[in-house]
Amino acid sequence: MADKVLMKGNEALAEAAIQAGCHHFFGYPITPQTELAAYMAKRMPKIGGTYLQAESEIAAINMVLGASAAGVRAMTSSSSPGISLKGEGISYMAGSDLPALIINVQRGGPGLGGIQPSQADYWQATKALGHGDFQVLVFAPSTVQEMVDLVQGAFDMADKYRMPAMILADGMLGQMMEPVVLPEKSEKEPIAKPWASCGHKGEREHNIVNSLYLTPNALENLVKERYERYETIKKNEQMAEEYLTEDAELILVAYGASSRVAKGAVNKAREKGLKVGLIRPITLWPFPTDAIKRAASHAKALLTVEMSMGQMVDDVKLACEQKLPVHFYGRTGGIIPTPKEILAEIERLMA
Amino acid sequence: MQDLNIVFAGFGGQGILFSGKVAAYAGLIDNKEISWLPSYGPEMRGGTANCSVCISDTPIGSPLVTNPNVLIAMNLPSLEKFIDEVEEGGIVIIDSYLIDKKVERDDVRVFYVPATKLAEENGLKGLANIILLGKLYKECPFCEEETIEKALLKCIPPKKAAMLDFNKKAIAIGRTQ
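Order-wise, the sequence lines are chains A and B. Mapping to the working numbering: the first sequence position 96 is 100, numbers consecutive. Mapping to the working numbering: the second sequence position 90 is 125, numbers consecutive.
As C-alpha cells, then:
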C-alpha cells in the first residue's frame, strides 16, 4: 500500500483526478478552491496534460465541453459564485450527453457571499444547476481520503451514463489537511466513446455533439430517454453511510463537513446514553432515499444538520414520506456548527 | 493518549501554519488520527493567522477547534481571541517577548517563553514558532521522541534541507524552557 501523506483536500482532489486519467483541466481561480487549480498548473505540464487558466468561468466550462465532446476526460473546479457562472455550460453538457467532473468547493452565499465554508449550494447542485430538465451526479465526501476515493468513480459513472458529475465539497474540506493514501494510477481502460467528435480519417460518418433540437417531439423523446437513465441511476447508485442507526430513536442526516460535526455530536450523545444515529448521504443525487426510508421505519424522528438555512431537509422529508417528524438545525454564512450546539439540539429534541 | 486539540495563532509570517503542520505530521507518523485546518482569507493579511490541529486515537469529527486544550499564541490579538475558549486545565504557551501581558485565568497552565528573543540570540531568526513547539513537547509529549525529526523532515521542502539542523536546535531550546 502506498504511504499516507498529509495533503490539503484541494490538492488531493487534483492528484486523484490525474491518477484517474484526467489530463485536461480548465479553470479560473477563486477562494477557497484555488489550490486545486494551482496544483493542476504545476502537475499537468509534467505529465503531458493540459492545464489552462481560462479568461472566465464561462470560458472554462465551455472548454470542458469541447474537450469532453472530443472524447477526453475533462474537469473544472470552482467555488459557489463561479459555479453559478458555469451553470449555462453545464446545462449544455447535460443537453449534449457529455461526461465531465465539476468540483464545487462551496463558500457562503448568495452573491459574492463570503469565503468561509458553506453548504448552501445543495439546491443548485441537486435541483437546478442550469436551465432545462436535467440532473447531474452529485457526490459529497466528508474526509480528504473520501474526496480522493470518489474521484475515479465519479469519472467512470459520468462516462457510463453520459452526464456531468459534481463533487460537492466545501471550504473546510478543501483547505484542511488529513492523512491520505493516494490511489495508484488507474489501469482500467476507459470505456469506448463511439459518439466522440474526434478525428476518424474519413472512416465513418462524422459525429455531432449538440444540444439544439428544434422539433419538440425529438426533444421530448431525447429528454425522456435521459430520464429513463436517471431512473436506473436512482435505483442502482445511491450511496450512504449509516452510523449507529439500528437502535436509534433520533437519526441525524448530514453530509460533507457538517456530517463530521454531527458524528461528533452523536458520539457525545451516546456517551450520555441517548439513542442517536447518523445517516450520511454520500450521493446527494441520486439521493439515498432507501437509507432514509429504512430509518423512517424504526426511528422516532429525524434531524437534518446543514451549513445552510435548510435545503437537503426537503429531500429528507420527501424520502420519509412524512411518516415521522423531520427537524432541522443549521448555521449559514460560513459558520461551521460546533458539536456542542448540535448536542444541545439533540438533547432538546429528546427531552 | 488524551485527545489534543491545538490552536496555533499569531501573525501571518510567523510560521504558525508550519509549526501546526509539524505537529500534525508527527501524529501521522505515530499512526494517530489527525487533522490540520488553517484560517484562510483576508484575516491573514496583517491580522491573525491560526490553524487548528487535532491529534487523537479516534477519528476526528470537526477539524475546527473552538475549545482548544492547547493554545500557542504569538501575538496579543491571537491571545485575546482564544484565551477564554481554552478548556479548563489546558496548556497555554505564550511568546512573552512579543506579548507583554499576563493571563488572568488561573484554571489553565500558562508558560511564558521569550521565543522570538531566544531565536534571535541563537541565530535562529524566524524559528520562534519551532522553539514554542519544543516547549509544547516538553509539557505535553505529543509524539514519540524520534518522531519529531521525521516530522520536520517531512515538512521542510528539499530545497531548504539545510534548515533541518536549525529546526532541531530550535526544538532543543524549547525543551529547555
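Backbone N, C-alpha and C fix where the C-beta goes; we use that ideal spot for every residue, glycine too. A quick note: this is a predicted structure, and the numbers were derived from the prediction, not measured.
Query	Result
Closer than 8 Å at the beta carbon, the chain B residues around T308(A)	The premise fails here: T308(A) is roughly 17 Å from chain B at the closest Cβ pair, so nothing lies under 8 Å.
Test: L116(A) CB closer than 7 Å to a CB of chain B	no
Backbone CA spacing between Q120(A) and Q149(A) [nearest angstrom]	21 Å
Inter-residue spacing [alpha-carbon to alpha-carbon] between F53(B) and C190(B)	8 Å
Top-ranked residue by Cα proximity to P36(A), from D101(A), D174(A), N240(A)	D174(A)
With 16 other Cβ atoms within 10 Å as the buried cut-off, status of K197(A)	buried
D38(B) to I195(A) span [Cα, whole Å]	46 Å
Segments of 3+ residues assigned as beta strand (DSSP E) that fall wholly inside the stretch 216 to 269 of chain A	244 to 247, 254 to 257
Beta strand (DSSP E) segment containing F332(A), residue limits	330 to 334
Best match in I206(B), G50(B), N157(B) for proximity to P176(B) [C-alpha to C-alpha]	I206(B)
Stretch pair the stretch 90 to 100 of chain B + the stretch 262 to 275 of chain A: three plus CB contacts closer than 8 Å	yes
Interfacial residues, the stretch 6 to 19 of chain A to chain B, with Cβ spacing under 9 Å	K8, V9, L10, K12
Within 7 Å, strictly: CB atoms of S146(A) and R111(A)	no
Any chain A beta carbon closer than 7 Å to S97(B)	yes
Three-state secondary structure (DSSP) of P73(B)	strand
Enclosing beta strand (DSSP E) for M313(A) [first to last residue]	Run containing M313(A): none; DSSP gives neither H nor E here.
Interface flag, R352(A) vs chain B, CB-CB below 7 Å	no
A104(A) vs A132(A) beta-carbon contact at 7 Å	no
Contacts around I34(A), its chain only, beta-carbon distance under 6 Å, and the 5 residues preceding and following it disregarded	S82, S83, G86
Buried versus exposed, by CB contacts within 10 Å (16 or more), Q123(A)	buried
Check: R230(A) C-beta below 6 Å from any heavy atom of the ligand GDP	For the structure depicted, the ligand GDP is absent and the ligand set is empty, with no information on it obtainable.
Close Cβ partners of T342(A) (< 8 Å) along its chain, the five nearest in sequence each way excluded	V265
Collapsed DSSP secondary structure at N202(B) in the structure displayed	helix
Residue interval of the alpha helix (DSSP H) (run including V155(A))	148 to 165
R264(A) at chain B interface by Cβ criterion, 7 Å	yes
Validate contact between the stretch 151 to 159 of chain A and the stretch 223 to 233 of chain A using beta carbons, cut 8 Å, 3 pairs	no
Own chain partners of L159(B) with C-beta closer than 7 Å, once the 5 adjacent residues on each side are dropped	F201, K204, A205
Candidates D137(A), I62(A), V280(A), K50(A): closest to I106(A) by CA position	I62(A)
Short-range partners of chain B found in the stretch 160 to 187 of chain A, where Cβ spacing is below 8 Å	G175, M176, Q179, M180, M181, E182, P183
Cβ contact check for the stretch 268 to 277 of chain A and the stretch 336 to 354 of chain A: 3 or more pairs under 8 Å	yes
Inside the stretch 150 to 203 of chain B only - alpha helix (DSSP H) runs reaching at least 4 residues	150 to 156, 163 to 174, 182 to 190
Three-state class that DSSP yields for A124(A) in the structure shown	coil
is_contact[D70(B), chain A] using C-beta, thresh 7 Å	A small correction: the amino acid at residue 70(B) is Ser; Asp does not occupy that position in the sequence shown. It does: the Cβ of S70(B) has a partner Cβ on chain A nearer than 7 Å.
Separation of K327(A) from E122(B), as counted between CA atoms	42 Å
Separation of V143(B) from E275(A), as counted between CA atoms	26 Å
Bridge-paired residues (DSSP) for S87(B)	V42(B), L72(B)
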